[in-house]
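FYI, my numbering numbers position 52 of the sequence shown as 55, with every residue one higher than the one before it. Virtual Cβ for every residue (Gly too), placed ideally from N, Cα, C. None of the values given here were measured: they were computed from a predicted structure. Since the structure comes first, as structure tokens, the remarks are kept for the end.
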Amino acid sequence: SADLLRSPEARATLQQLRNLLQLLRVFGKDLAMQFLFDRANQLGAWDMGVLPAALPGLHPVNDDAARTTLEGAWGAEIPSEPGADFNAMLELCDAGRMGALYIAGSDPLMAYPDREFVKRALGAADLLIVQDTFLTDTAGLADVVLPAAGYGEETGTFTNNEGRTQKVCKFREPAFEARGNLAIFDFVAALRGQVLRPSMQDEIFGEIARLVPAYQGLTQDGLGADGAFTKTAPTASAGEFFAPPPASNAADRLMLITGNCLFHNGYLSERSSILNTVADDPYVEMSRWDAAQLGLSDRDQVVVRSAQGELSAQLKINKNFPKGLVFVPENYSTLHLNSLMRRGEYPCPVEVQKVQAAFEIAPVDRLRAEPEELG
4 SADLLRSPEA RATLQQLRNL LQLLRVFGKD LAMQFLFDRA NQLGAWDMGV
54 LPAALPGLHP VNDDAARTTL EGAWGAEIPS EPGADFNAML ELCDAGRMGA
104 LYIAGSDPLM AYPDREFVKR ALGAADLLIV QDTFLTDTAG LADVVLPAAG
154 YGEETGTFTN NEGRTQKVCK FREPAFEARG NLAIFDFVAA LRGQVLRPSM
204 QDEIFGEIAR LVPAYQGLTQ DGLGADGAFT KTAPTASAGE FFAPPPASNA
254 ADRLMLITGN CLFHNGYLSE RSSILNTVAD DPYVEMSRWD AAQLGLSDRD
304 QVVVRSAQGE LSAQLKINKN FPKGLVFVPE NYSTLHLNSL MRRGEYPCPV
354 EVQKVQAAFE IAPVDRLRAE PEELG
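Here it is as structure tokens:
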């Protein structure tokens with residue numbers, strides 16, 4: 004699913020998958036489609052409306068009935084137009100039109116394509132606030148850093164791929180001056196003369212169960228050790244079949260893709276010394292056929308170069324890897340992988356070549372010196 008969401012063809016691909024579901028249903032098949040998200044609670048975050056065009060419960064923001072319900076609960080007016088996605092926020096920053104940008108639990112300077120643009124845009128915001136567990140690359144640019152609790156330092160819930168909501172239980176206090184995320188939001192709201200309600204975790208879960216249809220009927224105590232399933236979210240009628248635009252002729256080039264390696268997830272797991280004992284070195288992976296065409300051998304030090312930038316790592320040849328693809332894990336911060344990629348372009352066209360060893364050659368005059376001079 005991550006590869007699909009990164010792709011500029013994501014919408015067209017989803018529509019074609021919908022075509023397939025419709026076709027199978029015509030033949031009497033009763034089925035559904037499930038995406039395998041690669042981040043914990045990604046589905047849960049979407050259920051809460053953490054999308055620019057969605058309300059809690061995945062209702063579109065122009066759904067008058069859903070908006071009225073939430074406005075009544077929150078005592079505030081909700082815009083009927085979608086908000087800015089992150090790319091649009093960066094564009095606003097870069098144009099000098101972003102007064103303040105508040106980033107919580109994310110490191111776009113590491114994870115978002117076109118690192119130089121992201122760095123320039125974040126630096127152009129009048130005020131950059133970063134709330135995170137670690138002093139990330141993005142936090143290094145911030146005007147204000149709010150140290151937040153990490154795993155096991157606050158209580159909450161998450162919803163996994165199958166729609167199961169489970170508890171996360173606190174078992175230690177936040178380190179040093181860090182605070183729980185809810186406490187930080189309360190603190191920031193108080194600075195603005197506002198009071199957040201509800202602000203306790205159990206109260207918030209109760210509000211979720213009241214306002215988000217998929218969570219109705221769930222209780223904090225009822226989750227138990229194994230969690231409890233949310234309900235299927237209602238979806239609009241599939242409508243007509245979708246006809247995709249003609250595919251462009253792909254150039255005969257290597258295409259770079261990324262994702263998690265076997266022993267890491269995202270860029271934070273690199274901070275685990277235990278995981279680094281089994282997967283500490285970055286690498287570039289490609290097929291045996293492509294490596295042979297380029298005269299490369301396993302464990303060669305190679306350069307991967309795009310129109311945006313380049314990186315260097317050791318080559319790993321995989322006999323089961325498809326031709327034409329190059330894989331670099333997204334889990335190694337030192338590579339600055341996002342420096343190779345442009346926004347809206349995925350996969351990324353690249354070239355791969357072996358790093359040439361550099362030898363120091365003595366000046367000609369020195370080579371012609373008399374033997375006694377050399378002694």
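Rounded to the nearest whole angstrom, the CA to CA distance from Thr-337 to Leu-314 is 9 Å. Here Leu-58 has Gly-52, Val-64, Asp-66, Ala-69, Arg-70, Leu-73 and Ile-81 as same chain residues with Cβ atoms under 8 Å from its own Cβ, once five neighbours each way along the sequence are excluded. As for any beta strand (DSSP E) of minimum length 3 sitting wholly inside the region 266-304, the runs are 286-290, ordered along the chain. Annotated three-state conformation of Cys-172 is coil, per DSSP. Each of Gly-60, Ala-43, Leu-93 and Gly-196 was checked against the Cα of Arg-346, and the nearest Cα belongs to Leu-93. Using a 10 angstroms sphere on the CB of Thr-160, the tally of other CB atoms reaches 16 or more, which defines it as buried. The C-beta separation of Ala-212 from Gln-219 comes to about 6 Å, placing the pair in contact by the 8 Å criterion.
Taking Trp-292 as the centre and dropping the five residues before and after it, the same chain places the C-beta of Lys-326 closer than 7 Å to its C-beta, in chain order. Rounded to the nearest angstrom, the Cβ distance from Thr-162 to Ala-231 is 10 Å, too far for a contact under 8 Å. For the pair Met-289 and Phe-266, the CB atoms are not nearer than the 8 Å cut-off. For Asn-90, same chain residues with a beta-carbon under 7 Å away, outside a window of 5 residues either side, are Arg-346 in chain order. Nearest C-alpha to Ser-10 among Tyr-335, Met-258 and Gln-296: Met-258. Within a 10 Å sphere around the beta-carbon of Pro-285 sit 16 or more other beta-carbons, which makes this residue buried. With 16 or more other Cβ atoms from the protein chains shown falling within 10 Å of its own Cβ, Pro-111 counts as buried. For Arg-28, the three-state secondary structure derived from DSSP is helix.
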